[in-house]
Each structure stands twice: as C-alpha cells, then as structure tokens.
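Here is the structure we will look at, set down as structure tokens.
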Amino acid sequence: MEIKKVGVIGCGLMGAGIAQVSAVAGYQVVACEVEQRFLDKGMANITGSLAKLVEKGKLSDEDRTATLSRLKGSTDLNDLADCNLIIEAIIENKKIKQETYIKLDQMCPPDTILASNTSSLSITELMAALSPSRQQRFFGLHFFNPVPLMKLLEAVRTILSDEGAYASVCEFGKKIGKAVVQTRDSSGFIVNRLLVPYLLDAIRGFEEGIGSIEDIDKGMMLGCGYPMGPFTLLDFVGLDTTYYISEIMFEEFREKRFASPALLKRMVLAGMLGRKSGRGFYDYSDPKNPKPMKLN
Ligand code: 3HC
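Numbering (the numbering used here), first residue to last: 370 to 665.
Okay, here's the thing in structure tokens:
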C-alpha cells in the first residue's frame, strides 16, 4: 500500500518533528492538536526548525516553502480521515491513547495504518482496544529527539502484524530519511532497552561517588565518543520521562537494572525535570553555559 498522506496526532516536541520530516520528504501532512494554542506552538517550532535548516544550508528556501504548503494544522480529528498513515505522539497515557485509537478506527477506511510513537508502553496492549483487522495494521514508530536531526527510527511489529502493512511503514521510514531498525514489541524496544539501564547506572555511580556529574559526562563523551554525557542526555530527555520509562520497564522485566535510583525519584519530586524546567543535573539559568547542580 502506498502512503501519500500522513496524519500526526500531537504537536509537541516529537509530534512537530514527525510532521516536519514527513512534510519535508514530500508527504501531505495533517498535524492535529486538541487546542489551537498547542497547534500554534507546534507549528512555530516547525517554522523555527526549518529556518535553522535553511540557515545551515541543509534545506533550500524553495523546499521550505513547498514543505509548509504540504503541512496543514487542525484541531479536529475528523480531518485525518483520509490519511493513509496516522502517527500518534500524544501524552504517554494508555487510556487517552486508546480512546483516540477507537475514534480513528471508527472513522478511517479499513486499510488506514495506525502507529504510536510511544517510547515504553506495550504496542500490543495499546492496540487491544482496536477491531481485530485494525490490530494487524497497528505498529510502533519510535522516533528520537530531536526528530529532524536524529537518523534512527524503530519500527515495532507485534505478533499479529500484517507483513504488507509493516513493509509499508518501514518504506515510509526510509522515505523520510531515517535508518529503520526492525524490532518486536518488548518494553523499551532496542534503544531504550540499552539506553535506560545505562542512564540509571550513571545516576547510581554518581550516588556511589565514582565521579562528579561533569567528570562522568566527560568520561563517556571523550572516552566513548558519545555526543552527550549521560547527565546532559538525562536533562535533554527529561528526568520525569526517564523515571516514567524506567518504571514501566521495571514492571515488565523485574530486574534491578531497570529500577529507578532514589536520587532520580527525588529530583522528579522536587520538580527538577532537566532542561525543560531549567534545573536537572545541570542548572540552565544561563542556557548557553549550564552549571552542574550541587546535590546534597
Ligand atoms: N531542528 C533543526 N535544528 C536543530 C534542532 C531541530 N529540531 N534541534 C537542534 N538543532 C540545531 C541546534 O540548535 C544547533 O544549532 P546551532 O549550532 O545554531 O546552535 C544544531 O542543530 C546542532 O548543532 P550542534 O553542533 O550542537 O550539533 P551536534 O552535532 O552536537 O548535534 C545533537 C546535536 C544531534 C542533539 C547531538 O548532541 C546528539 O546526537 N545528542 C544525543 C541526542 C540523543 O541521544 N537523542 C536521543 C534521546 S533518547 C530518545 O529520544 C528516546 C526517548 O524514548 C527517550
């Protein structure tokens, strides 16, 4: 099945990025949000990101204009009815996601493919709310932040997946310029299965005094060639997001390596969520020059 029109539900950081890369690649895109103010914010992020790409010579001015002409915003889910692929990137709440899928299932033609950008919820559990035929056309499409810059896309299939529909979403991933890795529904898929225990171990190491925040970050950047050290990455991803993912993974695997360290939980409780709240393992009062937090 050829995908021509893509719907994206949720225009936050991830949804806006997904809508952007789809439109850049030539797809007609409808980006849907619950309220106009969220849609405006998402669209402004897309415009800003495209401007940066033009500034850096990665996108021509004509391509930017063409991209924006392919991109429509909406606050009405019904506007997604004629999309061939609909990617959901809303809040990580099973109930709210399933309510959205049920509406989509009822209003879309039988061959429409649905996908979720969830980073940790079970794809099988999410699709359980759908009709049996739609369950075969429901996948995980897990993007990475920042979506326009990160090359990877995880394409997640389930035990019920239709092979033709799975091939179509993998093809879509390639067309939007991503390297697609195929994986099956297991908590954390490939990347978070390895990344989350690593990030949690960095916190445990810090708690045990193996090094300072800055030195642990420096160690992994300069010793292993990682673009960001674990604490910079934790702040970038969000401490609440990491905590939430680790809780879900711990519930699935019951292994200590997925359990959240006490410090992470306390920082989340204290509202230290990383970059987005201005404080995490670093203090972002001066965003260009973050300083490690003093944690007693
Ligand atoms: N669109 C366009 N430009 C963007 C952008 C966007 N959305 N986001 C950032 N940029 C720009 C920056 O503003 C910066 O511009 P500037 O030079 O004018 O300031 C430029 O891109 C990046 O320039 P850098 O020289 O800083 O580029 P880097 O080579 O350092 O790359 C990075 C930045 C790609 C973010 C890199 O640091 C990196 O790869 N970090 C790791 C990110 C990562 O691991 N992400 C995955 C997180 S895990 C996840 O998402 C899964 C989830 O389930 C938890």
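All residues carry an ideal CB built from backbone N, CA and C; glycine is no exception.
Worksheet item: So what does DSSP say about residue 566, is it helix, strand or coil?
Response: helix
Discussion item. For residue 373 and residue 389, which I take to be in contact (beta-carbon distance under 8 Å), what is that distance rounded to the nearest angstrom?
Written reply: 18 Å between Cβ atoms; not a contact.
Practice prompt. Please find out if some non-hydrogen atom of the ligand 3HC comes closer than 7 Å to the beta-carbon of residue 515.
Written response: yes
Worksheet item: Mind checking residue 457: buried by the 16 CB within 10 Å criterion, or exposed?
Response: buried
Worksheet item: So which of 431, 548 and 470 has the shortest CA-CA distance to residue 376?
Response: 470
Fill in: Within the region 385-440, ranges of the alpha helix (DSSP H) (whole runs, at least 4 residues)
405-424 and 430-439
Worksheet item: I think residue 505 touches residue 534, with their Cβ atoms under 8 Å apart; what is that distance to the nearest whole Å?
Response: 7 Å
Fill in: Bridge partners - residue 556, DSSP secondary structure assignment
Partner(s): none; residue 556 has no beta bridge.
Worksheet item: How many Å lie between residue 499 and residue 474 at the Cα?
Response: Residue 499 and residue 474: Cα-Cα distance of roughly 7 Å.
Item to complete: Give me the Cβ distance between residue 508 and residue 492, rounded to the nearest whole Å; I'm assuming they're in contact under 8 Å.
Response: 7 Å
Fill in: Among 570, 430 and 551, the one whose alpha carbon lies nearest that of residue 624
A check of alpha carbon separations from residue 624 across 570, 430 and 551 identifies 570 as the nearest.
Discussion item. Helix, strand or coil for residue 630? Go by DSSP, reduced to three states.
Written reply: coil
Worksheet item: Where do the ends of the beta strand (DSSP E) carrying residue 521 lie?
Response: DSSP places residue 521 in the uninterrupted beta strand (DSSP E) bounded by 521-526.
Worksheet item: Pick from 487, 547 and 472: whose alpha carbon is nearest that of residue 461?
Response: 487
Discussion item. I believe residue 608 touches residue 642 by the beta-carbon criterion, under 8 Å. Please report the beta-carbon distance rounded to the nearest angstrom.
Written reply: 5 Å
Fill in: Closest Cα partner of residue 662 within the set 620, 563, 631 and 600
Out of 620, 563, 631 and 600, 600 has the C-alpha closest to the C-alpha of residue 662.
Worksheet item: What are the residues that DSSP puts in a beta bridge with residue 378?
Response: 401 and 457.
Worksheet item: Looking only at DSSP bridge pairs, what is residue 474 linked to?
Response: DSSP lists no beta-bridge partner residue for residue 474.
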